[in-house]
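Chains as they are written, first to last, in our numbering: chain Z, 11 to 192; chain X, 11 to 192.
In this text, a Cβ means the ideal position worked out from N, Cα and C, and glycines have one as well.
Notes to accompany the following structure.
Number of protein chains: 2
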Amino acid sequence: MKSAKTKYVILGLLSESALSGYEIKRIIDIRFHFFWNESYGQIYPELKSLTKSGLIQSMPCEGAVQGKVKHALTESGRSVLMEWLAEPVEKESVRFELLLKMYFSKELEAGIMIRHLTDFSDSHRRQLDILEQFQRELAIIGDPAGNHKDILQVISFGEKVYRAYLDWSAEAVAYLKGREKT
Amino acid sequence: MKSAKTKYVILGLLSESALSGYEIKRIIDIRFHFFWNESYGQIYPELKSLTKSGLIQSMPCEGAVQGKVKHALTESGRSVLMEWLAEPVEKESVRFELLLKMYFSKELEAGIMIRHLTDFSDSHRRQLDILEQFQRELAIIGDPAGNHKDILQVISFGEKVYRAYLDWSAEAVAYLKGREKT
DNA sequence: GGGACCATGTAAATAGTTACATGATTAA
DNA sequence: TTAATCATGTAACTATTTACATGGTCCC
């Protein structure tokens with residue numbers, strides 16, 4: 011874990027527009043759902059440290075409703091972001107408890123494993139629907155910043171991978187049903 | 011992170027045969043490479059704690075070469091494993107730095123992003139080859155324990171997902187090459 | 001006035017990696 | 001004899017989650 015990425019996710023999001031910590035969290039939860047996650051416990055301390063090192067600038071929100079703070083990227087923040095973008099990508103990290111269970115399931119009742127698989131399948135079917143809806147929305151609204159295509163490319167990854175999940179889980183269920191009968 | 015899974019991976023592997031810590035690590039690195047990982051810093055302390063709580067039994071290796079220790083599952087270990095197998099699966103965790111970079115790459119030179127994508131593609135192509143080779147090996151050797159089919163089912167997941175990665179990265183490279191030319 | 005959601009934050013615990021120390025065995 | 005690999009382990013560090021505290025706003 012050479013370096014935490016929280017820093018760069020924040021920098022990246024702020025490169026498009028000034029945001030509050032809460033908004034950053036929401037965007038990650040919704041838009042990055044299928045390939046990233048961060049918790050408040052990482053975001054807020056990181057925002058503080060980025061402000062201290064001058065990579066972002068933080069000012070109370072204009073409407074000044076409550077303690078709400080907007081954070082904006084500084085020039086040095088932008089150059090740190092660009093440097094990171096150019097660096098080689100570290101290997102993705104992936105952990106599927108489901109596959110562990112599948113691997114060890116020899117003595118497990120097939121019905122239980124089938125249940126795990128259908129839960130998996132259902133939840134990814136829902137995620138796929140959300141992705142497709144987001145895709146349609148992007149197509150409808152205009153593209154003033156001209157970055158829809160990059161975003162669509164990222165969504166396309168989610169679609170392809172989720173379809174692979176669904177394809178696999180159908181296959182695995184079929185296999186287990188066969189095993190069950192014998 | 012309700013509970014660490016290291017415990018169950020170990021229990022699962024020991025349910026098939028007695029193993030040393032080193033062997034456990036190797037199996038995870040090789041066979042589970044595409045969906046799991048553990049470090050020695052997790053494995054050895056966990057082996058100690060599992061021994062203390064009686065879920066596994068540890069005895070010096072027969073050949074008694076050096077400090078080598080074999081660990082075997084106990085009856086209570088087996089029942090803890092079976093309980094865990096039946097419990098609902100927690101959501102997988104997945105983190106793709108590549109997609110983060112893709113998402114923020116609007117102002118990045120296309121060539122750099124293409125390089126990231128080809129690195130990604132190359133490494134997963136190699137992984138896919140390894141998976142396919144392992145699959146062929148399983149087909150050749152016999153299946154005394156009768157668990158090859160479950161293992162093949164898990165490998166099939168890796169294949170489908172890796173193919174989706176390769177498919178996507180080709181598409182993404184094509185898109186970026188188009189963007190580059192304009 | 002209550003529930004949903006907006007909003008910021010921290011402390012403690014847990015999880016996980018990395019770097020190191022140590023030494024045996026095997027094969028070139 | 002040297003390099004690779006087998007083998008066990010720990011300490012320090014880093015990353016991440018979880019649970020909590022606090023209070024505002026919006027709408028029914």
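With fewer than 16 other Cβ atoms inside 10 Å of its own Cβ, Z:THR128 counts as exposed. The continuous stretches of beta strand (DSSP E) do not include X:HIS126, which lies in the alpha helix (DSSP H) extending over residues 120-150. Taking a cut-off of 8 Å for Cβ pairs, the segment 92-106 of chain Z and the segment 155-166 of chain Z do not touch, as fewer than three such pairs fall below it. At a cut-off of 9 Å, the C-beta of Z:PHE106 has a neighbouring C-beta in chain X. Listed in chain order, the non-local C-beta contacts of X:ILE66 below 8 Å within the same chain comprise ILE20, LEU21, LEU24, LEU57, LEU60, HIS81, ALA82, LEU83, THR84, GLY87, local neighbours out to five positions each way being set aside. In the DSSP assignment, Z:LEU109 falls outside any beta strand (DSSP E) and lies within the alpha helix (DSSP H) extending over 107-113. Within a 10 Å sphere around the beta-carbon of Z:ILE150 sit fewer than 16 other beta-carbons, which makes this residue exposed. Cβ-Cβ distances below 6 Å link X:GLN145 to ILE165 in the same chain, with the five nearest sequence neighbours on each side left out; the list follows chain order.
In its chain, beyond the 5 residues on either side, no residue has a beta carbon closer than 7 Å to the beta carbon of Z:ALA96. Close partners of X:LYS80 in chain Z (Cβ separation under 9 Å) are lacking, with about 19 Å as the shortest Cβ gap.
Taking a cut-off of 8 Å on C-beta distances, the segment 168-180 of chain Z does not touch the segment 41-56 of chain X, as fewer than three cross pairs fall below it.
From the listed residues Z:LYS15, Z:GLY31, Z:THR16, the smallest Cα separation to Z:PRO70 is found for Z:GLY31.
If you look at X:LEU60, you'll find it in the alpha helix (DSSP H) that goes 50-62. Not a single CB atom of chain X sits nearer than 9 Å to the CB of Z:LYS58. When secondary structure is reduced to three states using DSSP, X:LEU83 falls in the strand class.
Using a CB distance below 9 Å, the part of the segment 12-25 of chain Z facing chain X consists of LYS15, TYR18, VAL19, LEU21, GLY22, LEU23, SER25, ordered along the chain.
Listed in chain order, the positions of the segment 35-69 of chain Z with a beta carbon within less than 9 Å of a beta carbon of chain X are ARG41, PHE42, PHE44, PHE45, TRP46, ASN47. Burial of Z:SER179 is indicated by the presence of at least 16 other C-beta atoms within 10 angstroms of its C-beta. Here Z:LYS15 really is in contact with X:LEU110; their C-beta atoms are around 7 Å apart, less than 8 Å. Nearest to X:GLU142 by alpha-carbon distance, out of X:LYS170, X:ILE38, X:LEU29, is X:LYS170.
Within a 10 Å sphere around the beta-carbon of Z:LYS17 sit 16 or more other beta-carbons, which makes this residue buried. Under the three-state reduction of DSSP output, Z:VAL99 falls in the coil class, being neither helix nor strand.
Under DSSP, Z:GLN67 takes part in a beta bridge, and its partners are Z:ALA82. For X:LEU29, the beta-bridge partners assigned by DSSP are X:HIS81. Counting along the chain, no alpha helix (DSSP H) covers X:GLY156, and no H or E run does either.
X:LEU108 is a Cβ neighbour of X:PHE130, given a cutoff of 9 Å.
With contacts defined by Cβ atoms closer than 9 Å, Z:ILE124 and Z:GLU181 do not form a contacting pair.
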